[in-house]
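Under the numbering used here, the first residue of the sequence shown carries the number 9, and numbering increases by one thereafter. Worksheet for the structure shown next.
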Amino acid sequence: MTTYTDSIEKLIEKLTRLPGIGRRSAERIISYILETSRDEVKSLAEAIFRVKESVRLCQKCNNLSEQELCKICQDLRRRKDLICIVEKPSDVTAIEKTGNFNGVYHVLLGSISPLEGKGPSDLKISGLIERIKQGNIKEVIIATDADTEGETTALYLVTLLKPLGVKLTRIGVGIPMGSNLEYADASTLSRALEARRDI
Ligand SMILES: [Zn+2]
């Protein structure tokens, strides 16, 4: 039988639903909550709720944003004729960390995975085609992961985008096969971007 109070048990149950949080971590978080000031805990709870209330997808690139367009799409210094396609918002963060990319993004919000029953219709692609069709795009870099799903997605994108007559490139050199973009270190990713090849 548990020696915790009902409210603590309830919070443990809620926290252990979070990714990467087991019962032991939940207990440590609760110790922190009990020891810290009331104001600090209140602002933590409010910060969590605020993310949920205010974060949405950029209307142009599907990156996370609190406005209609994300900070990158709004930035006048970024090259709008260079689009880098990635699977998820955390990949945008990974590429931004390299400091070696001055274009804009298109986030697919997934990858093609027949095993998980996910096909092209589960990806955010139509907006990308619109952006390319509007013209003035000099290059589209396909930066999906180097795993099976990422490569399948890249192949699909090539068949889809090639007929639009836009220059397509693929990063990859230096990214170990089977690895996720977001786990590659900044210098590896930076080299992979520089060494992108035409496809
Ligand atoms: Zn955007």
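All C-beta atoms in this analysis are idealised placements derived from N, C-alpha and C, irrespective of residue type, glycine included.
The C-beta of residue 131 has 16 or more other C-beta atoms within 10 Å across all chains shown, which makes the residue buried. With contact defined as three or more Cβ pairs closer than 8 Å, the stretch 55 to 62 and the stretch 97 to 108 are not in contact.
Per DSSP, reduced to three states, the secondary structure at residue 147 is strand.
Between residue 194 and residue 179, the gap from beta carbon to beta carbon reaches 8 Å or more.
Secondary structure within the stretch 165 to 204: the alpha helix (DSSP H) runs of 4 or more consecutive residues, fully enclosed, are 194 to 202 (chain order).
By alpha-carbon distance to residue 107, the top candidate from 196, 206, 16 is 196. Assigned with DSSP and collapsed to three states, residue 119 falls in coil, not helix or strand.
Take the alpha-carbon of residue 137 and the one of residue 24: they are about 40 Å apart. Contact between the stretch 141 to 152 and the stretch 70 to 81 is absent, with fewer than three C-beta pairs closer than 8 Å. Bounds of the alpha helix (DSSP H) holding residue 38 are 31 to 43. At the C-beta level, residue 66 and residue 77 come within 8 Å of one another. Approximately 5 Å separates the beta-carbon atoms of residue 148 and residue 176; this is inside 8 Å, confirming the contact. Between the C-alpha atoms of residue 36 and residue 18 there is a straight-line separation of about 15 Å. Residue environment: residue 63 is assigned as exposed (fewer than 16 neighbouring CB atoms within 10 Å of its CB, all protein chains considered). Around residue 88, the same chain offers 112 as residues with beta carbons nearer than 7 Å, after the five sequence neighbours per side are excluded. Given a length threshold of 3 residues, the stretch 42 to 67 has no whole run of the beta strand (DSSP E) inside it.
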